[in-house]
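Student: In the numbering used here, the protein residues as written are 60 to 300. Using N, Cα and C, we set each Cβ at its ideal position, and we do this for glycine too. Predicted model, so just to flag it, every value in this text is computed and none were measured. Let me give you the structure first, and then I'll get to my questions.
This is the structure we're talking about:
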């Protein structure tokens, strides 16, 4: 007696070809959602995010008694730069800056608007200020450099560092990056639609072909009866109702 073939849906494999065509047939929807999300990201960036501007002042840490002819002198200058990086955001410096500029901000807010950088093996210290007002960003960077120049020399008992460059008024904001946000919005929108399509494809176990009958029911089809065009249209009309 012939044994009945067991259904294969329990160990069913994903048909990558069918999955590809499921995505391909809905490519218009993926592109449409990408365009909509990109537009939404652009509008959100323009309307909801406040643009920020940056301005940097540059200090050069080298005392008049220090030469640059020996490795020890270079190491001393580099160590001084590291100390200045820590001390420039100290409370005495920042509170003096707040008082001089008459800022209605706390110590933490001013420190949060500053960033310090020291290129490797150099005695150059960049003081960068970020603010919604480009002129305020420049004023803040310049004032921090000026106050640090004087107070740090008194604290460390050394010569004042030289101000190499004052800040400038930025014409273009440093953030947000509108183009980047638009691209990210488009990619996220398309990825979300692709995920939904894939999930619906994997959950769809309806019978659509003879292969599906064999796959889900374990039966072999002997023949297929085609549906006439008129009957197919009538079936669609009934479904719409």
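When the Cα atoms are used, what is the spatial distance from residue 186 to residue 101?
Tutor: Working through the chain shown from its first residue, we reach residue 186 at position 127. Working through the chain shown from its first residue, we reach residue 101 at position 42. Looking at the two C-alpha atoms, the distance is approximately 31 Å.
Student: How many angstroms separate the CA atom of residue 223 from the CA atom of residue 99?
Tutor: Position 164 of the chain shown, counted from the first residue, corresponds to residue 223. Position 40 of the chain shown, counted from the first residue, corresponds to residue 99. Using only the alpha carbons, I get a separation of about 43 Å.
Student: Does residue 207 pass the burial test, meaning 16 or more other C-beta atoms within 10 Å, or should it be called exposed?
Tutor: Translated into the one-based positions of the chain shown, residue 207 becomes position 148. Its Cβ being crowded by 16 or more others within 10 Å, residue 207 is buried.
Student: Buried or exposed: where does residue 202 fall if 16 or more other Cβ atoms within 10 Å of its Cβ makes it buried?
Tutor: Along the chain shown, one-based indexing puts residue 202 at 143. Its Cβ being crowded by 16 or more others within 10 Å, residue 202 is buried.
Student: In whole angstroms, give me the CA-to-CA distance for residue 263 and residue 252.
Tutor: For the purposes of this step, residue 263 is taken as the residue at position 204 of the chain shown. For the purposes of this step, residue 252 is taken as the residue at position 193 of the chain shown. Each residue's alpha carbon lies about 16 Å from the other.
Student: Kindly provide the ranges of any beta strand (DSSP E) runs that are 3 or more residues long and lie completely inside the region 163 to 246, ordered along the chain.
Tutor: Whole beta strand (DSSP E) segments, 3+ residues: 173 to 176, 183 to 190, 221 to 224.
Student: For residue 144 and residue 242, I'd like the C-alpha separation in whole angstroms.
Tutor: Working through the chain shown from its first residue, we reach residue 144 at position 85. Working through the chain shown from its first residue, we reach residue 242 at position 183. One C-alpha to the other measures close to 36 Å.
Student: Return helix, strand or coil for residue 79, following the three-state DSSP convention.
Tutor: Taking the first residue of the chain shown as position 1, residue 79 is located at position 20. Residue state, collapsed to three classes: helix.
Student: According to the neighbour-count rule (16 or more other Cβ atoms, all chains shown, within 10 Å of its Cβ), is residue 150 buried or exposed?
Tutor: The sequence position of residue 150 within the chain shown is 91, counting from 1. Residue 150 should be labelled exposed.
Student: Would residue 197 be called buried (16 or more neighbouring beta carbons within 10 Å of its own) or exposed?
Tutor: Indexing the chain shown from 1 puts residue 197 at position 138. Classification for residue 197: buried.
Student: Let me confirm a value: residue 113 is counted as buried when at least 16 other C-beta atoms fall within 10 Å, else exposed. Which label applies?
Tutor: By one-based count along the chain shown, residue 113 stands at place 54. With 16 or more Cβ atoms within 10 Å of its Cβ, residue 113 is classed as buried.
Student: State buried or exposed for residue 153, treating a residue as buried only when at least 16 other CB atoms are found within 10 Å of its CB.
Tutor: Taking the chain shown and counting its residues from 1, one reaches residue 153 at position 94. It is buried - the Cβ of residue 153 has at least 16 other Cβ atoms within 10 Å.
Student: Can you name the start and end residues of the alpha helix (DSSP H) that residue 91 belongs to?
Tutor: Locating residue 91 in the chain shown gives position 32, where the first residue counts as 1. 86 to 107 is the extent of the alpha helix (DSSP H) around residue 91.
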